[in-house]
Amino acid sequence: VLTLGQYLRPSPKHLPVVEYIAPEQFDYYGQIARQKGFLHVASGPLVRSSYHAADFHPVRR
Numbered sequence: 153v154l155t156l157g158q159y160l161r162p163s164p165k166h167l168p169v170v171e172y173i174a175p176e177q178f179d180y181y182g183q184i185a186r187q188k189g190f191l192h193v194a195s196g197p198l199v200r201s202s203y204h205a206a207d208f209h210p211v212r213r
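Be aware that the sequence shown starts at 153, since it is given in this note's numbering, and climbs by one per residue.
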């Protein structure tokens with residue numbers, strides 16, 4: 153499982169956002185990850201590490 157998301161500054165006490173990534177760029181990153189062999193990829197500006205975690209089931213090889 154690979155999750156790719158945008159850092160969002162939770163408060164003024166935290167580090168500022170350096171760059172906002174366009175949703176289309178996240179789509180591109182997701183395509184690359186799938187080409188590299190990742191079976192489950194969630195890639196988008198609001199994706200978090202627990203994003204739909206219950207939907208992913210381990211696959212035995």
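Ideal Cβ positions, reconstructed from N, Cα and C, are used throughout, including at glycine.
task: Could you check the C-alpha separation between Val193 and Leu160 for me, to the nearest Å?
output: As a working note, residue 193 is residue 41 in the sequence shown. As a working note, residue 160 is residue 8 in the sequence shown. Between Val193 and Leu160, the C-alpha separation is close to 20 Å.
Inter-residue spacing [alpha-carbon to alpha-carbon] between Gly182 and Gln158: Residue mapping note: residue 182 aligns to position 30 of the sequence shown, counting from 1. Residue mapping note: residue 158 aligns to position 6 of the sequence shown, counting from 1. If you take the alpha carbons of Gly182 and Gln158, they lie about 13 Å apart.
- prompt: Given that a residue counts as buried once 16 or more other Cβ atoms are within 10 Å of its Cβ, and exposed if not, what is Ser195?
  reply: Locating residue 195 in the sequence shown gives position 43, where the first residue counts as 1. Flag for Ser195 reads buried.
Alpha-carbon to alpha-carbon, Glu171 and Asp179: The sequence position of residue 179 within the sequence shown is 27, counting from 1. The sequence position of residue 171 within the sequence shown is 19, counting from 1. For Asp179 and Glu171, the distance between alpha carbons rounds to 17 Å.
field: Residues sharing a beta bridge with Ala185, DSSP
entry: Within the sequence shown, numbered from 1, the residue matching residue 185 stands at position 33. Answer is none; Ala185 lacks a bridge partner.
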